[in-house]
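Position 40 (the sequence shown) corresponds to 39 in numbering that gives the first Met the number 0; numbering is contiguous. Note sheet for the following structure.
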Amino acid sequence: MESIEIVGLVAATLTTSSFVPQVYKAFKNKSTKDVSLTMYTVLLVGTLLWLVYGINIQSMSVILANSITSLLAVLMLILKLKYQ
0 MESIEIVGLV AATLTTSSFV PQVYKAFKNK STKDVSLTMY TVLLVGTLLW LVYGINIQSM
60 SVILANSITS LLAVLMLILK LKYQ
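Okay, here's the thing in structure tokens:
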């Protein structure tokens, strides 16, 4: 594995994990009052496009980060619609 891919994996871990507390808080409190539906919808579309890009260039860090972030965005959108 190239050292730059390791940098990508560390960056992916940090940026992706930053969404976990928000999803957890929304799930725990059963409240998404302050969560923007538009922001998470745009985020989901963007991460899905990044995922396609990552698959195309065969970059594990881009694929992993955007797969997990897309999943977290979908979960947040589900919670937003459920607890509206």
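Just so it is clear, CB atoms sit at the ideal spot from N, CA and C, and this is done for glycine as well.
- Please name the residue in N65, K24, K27 whose C-alpha comes closest to that of L42. For this step, residue 42 is matched to residue 43 along the sequence shown. Of all alpha-carbon atoms in N65, K24, K27, the one lying nearest the alpha-carbon of L42 is that of N65.
- Task: Just mark L50 as buried or exposed, buried being the case when its beta carbon has 16 or more other beta carbons within 10 Å.
- Result: Looking up residue 50 in the sequence shown gives position 51. So L50 counts as buried.
- Message: Quick check on DSSP: helix, strand or coil for Y82?
- Response: On the sequence shown, position 83 is the one that residue 82 refers to. Correct three-state label for Y82: coil.
- Query: Measuring CB to CB, does K79 end up less than 8 Å from T31?
  - Reply: For the purposes of this step, residue 79 is taken as residue 80 along the sequence shown, with counting starting at 1. For the purposes of this step, residue 31 is taken as residue 32 along the sequence shown, with counting starting at 1. Yes, Cβ-Cβ distance for K79 and T31 is below 8 Å.
- Whole-angstrom C-beta distance between F26 and T68, which should lie under 8 Å: Translated into the one-based positions of the sequence shown, residue 68 becomes position 69. Translated into the one-based positions of the sequence shown, residue 26 becomes position 27. 17 Å between Cβ atoms; not a contact.
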